[in-house]
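Asker:
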Amino acid sequence: MAITLKEVAERAGVSRSAVSRTFTDGASVSDKMRRKVERAARDLGYSPNALASSLTTGRTKLIGLVSNNFHNPIFLEVFDLFTRALQDRGLRPLLVNLTDETDPEASVQMLRQYSVDGVVVASSTLPPQFARAFRDNGVPVVHSFGRFSTAPQVHVVGIDNMAAGRMAAETLVARGYEHIAFLGGPEAATSTQDRYTGFASELAKHKDVKFTYSFADAYSFNAGQREMLRLLSGARAEAYFCGDDVLSIGALSAIQSSDLSVPDDIGIIGLNDMEMAQWQTFDLTTIHQPIRQIVSSSIELVVAMLDEPDRYPEARIFPCSVVERGTLRPLPD
Numbered sequence: 363m364a365i366t367l368k369e370v371a372e373r374a375g376v377s378r379s380a381v382s383r384t385f386t387d388g389a390s391v392s393d394k395m396r397r398k399v400e401r402a403a404r405d406l407g408y409s410p411n412a413l414a415s416s417l418t419t420g421r422t423k424l425i426g427l428v429s430n431n432f433h434n435p436i437f438l439e440v441f442d443l444f445t446r447a448l449q450d451r452g453l454r455p456l457l458v459n460l461t462d463e464t465d466p467e468a469s470v471q472m473l474r475q476y477s478v479d480g481v482v483v484a485s486s487t488l489p490p491q492f493a494r495a496f497r498d499n500g501v502p503v504v505h506s507f508g509r510f511s512t513a514p515q516v517h518v519v520g521i522d523n524m525a526a527g528r529m530a531a532e533t534l535v536a537r538g539y540e541h542i543a544f545l546g547g548p549e550a551a552t553s554t555q556d557r558y559t560g561f562a563s564e565l566a567k568h569k570d571v572k573f574t575y576s577f578a579d580a581y582s583f584n585a586g587q588r589e590m591l592r593l594l595s596g597a598r599a600e601a602y603f604c605g606d607d608v609l610s611i612g613a614l615s616a617i618q619s620s621d622l623s624v625p626d627d628i629g630i631i632g633l634n635d636m637e638m639a640q641w642q643t644f645d646l647t648t649i650h651q652p653i654r655q656i657v658s659s660s661i662e663l664v665v666a667m668l669d670e671p672d673r674y675p676e677a678r679i680f681p682c683s684v685v686e687r688g689t690l691r692p693l694p695d
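Numbering (the working numbering), first residue to last: 363 to 695.
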């Protein structure tokens, strides 16, 4: 049987309200009383009931962690970092799958049913109105991996995807490729749009470089493989910026199954630097997205908003860098 608050009070020789205050954040209780109650709780093996505590404080300590792409292995890393960091702060993650969801209001109502204290939208493909819908309904929200803006309407933490696109183009041009292509994720995704825009704007400076582009229907291995197989049936480019590592790995599979080699026949550069990218099987040259810093900063913001829900929205943008591995030809001497 679970130990009750009454039993702890009797063991400590105090009132039940004194025990309740001891385990309620911010409640007034003397150090002497706290030590007495905590000692009795340890002796009895008592753990506070989180649900009962929420009835007293008005806070559930639940943080909704919302995403919509569970086919991309990068989000296993993201969810691992988010859930552990939230738990370390005494908060409880509630993972919500919004794959194929198109109605922001339906998502808001679902999260409100659980009385979450805040929400992290962890997605580079959900449109900005999803995060704004939570804000408009009075739910503290942070959009991680969201679209950069100099005047954000909600807190945004991530990278400048246009700058990442320019970085990829610069990397390929520096290696002397003369026909360069963009193989992006879903065309409607803001991350795809911005990576394409940055990539195309940089290549526009190089009139001697041929530029082509196409889009996969998802950020997934199968989508990258299908799109690369389609491209290889026509006039292929010398090098591709696949706007995500999992697309790149799908593309590598398609190239190998077509009896071509990387980087001898085709060069590939990805984006994210997920754990699989460094596996010897793939050895993927990619653009590193600082996921740990993005997750840590997102949690810092959502925790701050629990006490300051009207905190002015800010954009926290982290720089990217190229990670040299084995899927591009070397720089010329």
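We treat Cβ as the ideally placed atom computed from N, Cα and C, and that holds for glycine. All values derive from a computational prediction rather than experimental measurement.
(1) At 3 residues or longer, what runs of the beta strand (DSSP E) sit wholly inside the segment 463-549?
(2) Going by DSSP in three states, S683 sits in which element: helix, strand or coil?
(3) Please name the residue or residues paired with G632 in a DSSP beta bridge.
(4) Kindly give me the distance between the Cβ atoms of T689 and P625, rounded to whole angstroms, as I take these residues to be in contact under 8 Å.
(5) Less than 8 Å between the CB atoms is what I'm expecting for G560 and T554, so what's the real figure, rounded?
(6) To which residues of the same chain is L417 closer than 8 Å at the C-beta, ignoring the five residues directly before and after it?
(7) If you draw a straight line from the C-alpha of F432 to the C-alpha of G480, how long is it?
(8) Whole angstroms are fine: how far does the CA of S506 sit from the CA of A468?
(9) I need the straight-line Cα distance from P489 to N523, nearest angstrom please.
(10) Between A513, I628, D442, which lies nearest to A543 when the distance is taken from Cα to Cα?
(11) Sorted by chain position, which residues of the same chain lie with C-beta nearer than 8 Å to R451's C-beta, five sequence neighbours on each side aside?
(12) Residues bridged to F573 by DSSP?
(13) Confirm, please, whether the CB-CB distance from S382 to L360 is below 8 Å.
(14) If we ignore side chains and look at the alpha-carbon of each, how far apart do D405 and T445 end up?
(15) What do you reckon, are the CB atoms on V518 and S511 nearer than 8 Å?
(16) When you compare only the Cα positions, how much space is there between E637 and A402?
(17) Which residues share a DSSP beta bridge with P692?
(18) With G612 as the anchor, note down where its alpha helix (DSSP H) starts and where it stops.
(19) Would the beta-carbon of L633 fall within 8 Å of that of Q651?
(20) Based on Cα-Cα distance, which residue from V684, G612, H541, P675 lies nearest to V516?
(21) Roughly how many angstroms separate the alpha carbons of R687 and I436, rounded to a whole number?
(22) Can you grab the Cα-Cα spacing for the pair L591 / L622, in whole Å?
(23) For P514, tell me which candidate among P694, D695, A677, C682 has the shortest Cα-Cα distance.
(24) Grouping DSSP H, G and I as helix and E and B as strand, with all else coil, what is N584?
(25) Counting along the chain, where does the alpha helix (DSSP H) carrying L624 start and finish?
(26) Taking V391 as part of the alpha helix (DSSP H), name the residues at either end of that continuous run.
(27) Between E549 and F577, is the Cβ-Cβ spacing less than 8 Å?
(28) Between which residues of its own chain and N434 is the CB-CB distance below 8 Å, once the five residues before and five after are set aside?
(29) Quick test of the definition: if touching needs 3 or more C-beta pairs under 8 Å, does the segment 491-509 touch the segment 525-544?
Answerer: Quick look at the numbers:
(1) DSSP runs (the beta strand (DSSP E)) wholly in the segment 463-549: 480-484, 503-506, 517-520, 541-546.
(2) Strand, per DSSP.
(3) Partner(s): T648.
(4) Right, their Cβ atoms sit about 5 Å apart.
(5) Actually they do not touch by this definition, with Cβ atoms about 11 Å apart.
(6) Reliability fails at L417, whose pLDDT of 46 lies under 50, so the model's placement of it is uncertain and the value that follows must be treated cautiously. Answer for L417: no residue qualifies.
(7) Rounded to whole angstroms, F432 to G480 spans 21 Å at the Cα level.
(8) Rounded to whole angstroms, A468 to S506 spans 20 Å at the Cα level.
(9) Taking the straight line from one Cα to the other gives about 15 Å.
(10) Closest by alpha carbon: I628.
(11) Residues of the same chain with a CB within less than 8 Å of the CB of R451, apart from the 5 flanking positions on each side, are I661, V665 in chain order.
(12) Answer is I542.
(13) Nothing about residue 360 can be read from this structure; the chain reaches only from 363 to 695.
(14) Near 30 Å, if we compare the C-alpha coordinates of T445 and D405.
(15) If you check the CB distance, V518 and S511 come in under 8 Å.
(16) Distance between the alpha carbons of E637 and A402: 46 Å.
(17) Bridge partners of P692: none, in fact.
(18) Taken as a continuous stretch (DSSP letters only), the alpha helix (DSSP H) holding G612 covers 607-619.
(19) Taking a C-beta distance under 8 Å as the contact criterion, L633 and Q651 qualify as a contact pair.
(20) Comparing Cα positions, the closest option is P675.
(21) Each residue's Cα considered, the two are about 18 Å apart.
(22) Here the alpha carbons of L622 and L591 stand approximately 12 Å from one another.
(23) Among P694, D695, A677, C682, the Cα nearest to that of P514 is on A677.
(24) Secondary structure of N584 (DSSP, three-state): helix.
(25) Here the sequence assigns Val to residue 624, which means Leu is not the residue at that position. V624: not part of any alpha helix (DSSP H); DSSP gives it neither H nor E.
(26) Element bounds for V391: n/a, residue is neither H nor E.
(27) Inclusion of E549 and F577 in the CB contact set at 8 Å is warranted, their separation being smaller than that value.
(28) So the list reads Y581, S582, D606, V608, once near-sequence residues are dropped.
(29) The segment 491-509 is not in contact with the segment 525-544.
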